[in-house]
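This report refers to the structure that appears directly beneath it.
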Amino acid sequence: MMPSKCHQSGNALMIVMVLISLGVLLLVGMQKQLETWMEQGKDEQHYWKAFNQGLSSLEWGMSQRWQENGDMWQCRTLSMDRLRVCLHISSSGNQGVLRGEGQFEVNTPPLRLYQRVAAQTIDGAVLLQAMSQGWLDFCPEPEARYCVVH
0 MMPSKCHQSG
10 NALMIVMVLI
20 SLGVLLLVGM
30 QKQLETWMEQ
40 GKDEQHYWKA
50 FNQGLSSLEW
60 GMSQRWQENG
70 DMWQCRTLSM
80 DRLRVCLHIS
90 SSGNQGVLRG
100 EGQFEVNTPP
110 LRLYQRVAAQ
120 TIDGAVLLQA
130 MSQGWLDFCP
140 EPEARYCVVH
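Using numbering that gives the first Met the number 0, read the sequence shown as starting at 0 and increasing by one per residue.
Right, here's the structure in full:
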């Protein structure tokens with residue numbers, strides 16, 4: 000016995016509905032994947048912006064004339080460009096650590112980059128020179144208390 004035309008068109012309609020449903024599910028999945036990729040791209044963009052701001056802070060700090068400040072961190076801010084840099088001179092006075100900060104977003108801790116520097120005092124001002132292979136993305140001080148800036 001042959002299936003009726005009505006039964007055949009019902010099967011065709013069912014196949015079309017299944018294909019449409021699968022297409023919608025694929026589109027929804029692709030939309031979620033695209034949203035995830037866009038969010039990751041935005042996060043990466045924020046990171047690179049903060050990283051470059053941190054590098055700019057280090058470069059700006061290298062060009063500054065600093066004061067001898069004993070064992071304390073001293074910080075400077077260039078608010079126009081949102082640059083913040085801090086310097087810690089070792090007790091020997093001839094080496095130090097320069098810390099540049101880059102801001103991700105408001106209410107998040109900054110990205111901190113470090114540069115070991117040679118310090119030279121001339122006419123009461125401390126001038127800095129970057130030490131070769133002295134760039135770091137972590138605080139190089141052996142004691143954690145030296146990494147805290149107040």
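In this text, a Cβ means the ideal position worked out from N, Cα and C, and glycines have one as well.
Give the secondary structure of residue i by DSSP, where H, G and I count as helix, E and B as strand, and everything else as coil.
i: arginine 75; result: strand
i: serine 131; result: strand
i: threonine 120; result: strand
i: glutamine 63; result: coil
i: valine 125; result: strand
i: threonine 107; result: coil
i: valine 23; result: helix
i: serine 55; result: helix
i: asparagine 10; result: helix
i: phenylalanine 137; result: coil
i: glutamate 34; result: helix
Provide the residue(s) that pair with residue i in DSSP beta bridges, ordered along the chain.
i: glycine 99; result: Val84 and Leu112
i: glutamine 94; result: Ala117
Comparing C-alpha positions only, which one of the options sits nearest to residue i?
i: serine 90; options: Glu140, Asp136, Ile121 and Lys48; result: Glu140
i: alanine 124; options: Val105, Cys138, Ile88 and Met13; result: Ile88
i: leucine 126; options: Ser62, Gly9, Trp134 and His45; result: Ser62
i: glycine 95; options: Asn106, Gln73 and Ala118; result: Ala118
i: glutamine 128; options: Val116, Asp122 and Val15; result: Val116
Could you tell me the alpha carbon to alpha carbon distance between residue i and residue j, rounded to whole angstroms?
i: cysteine 85; j: glycine 92; result: 16 Å
i: glutamate 67; j: glutamate 43; result: 38 Å
i: tryptophan 59; j: glutamate 34; result: 37 Å
i: methionine 130; j: aspartate 80; result: 25 Å
i: threonine 120; j: tryptophan 47; result: 34 Å
i: glycine 28; j: phenylalanine 137; result: 39 Å
i: valine 105; j: histidine 45; result: 12 Å
i: glycine 69; j: arginine 144; result: 15 Å
i: glutamate 38; j: lysine 31; result: 11 Å
Counting beta carbon pairs with one atom in the region 96–114 and one in the region 44–54, are three or more of them shorter than 8 Å? Under the three-pair Cβ rule at 8 Å, the region 44–54 counts as touching the region 96–114.
Count the CB pairs spanning the region 98–107 and the region 53–73 that are closer than 8 Å, and state whether there are at least three. They touch, by the three-pair rule.
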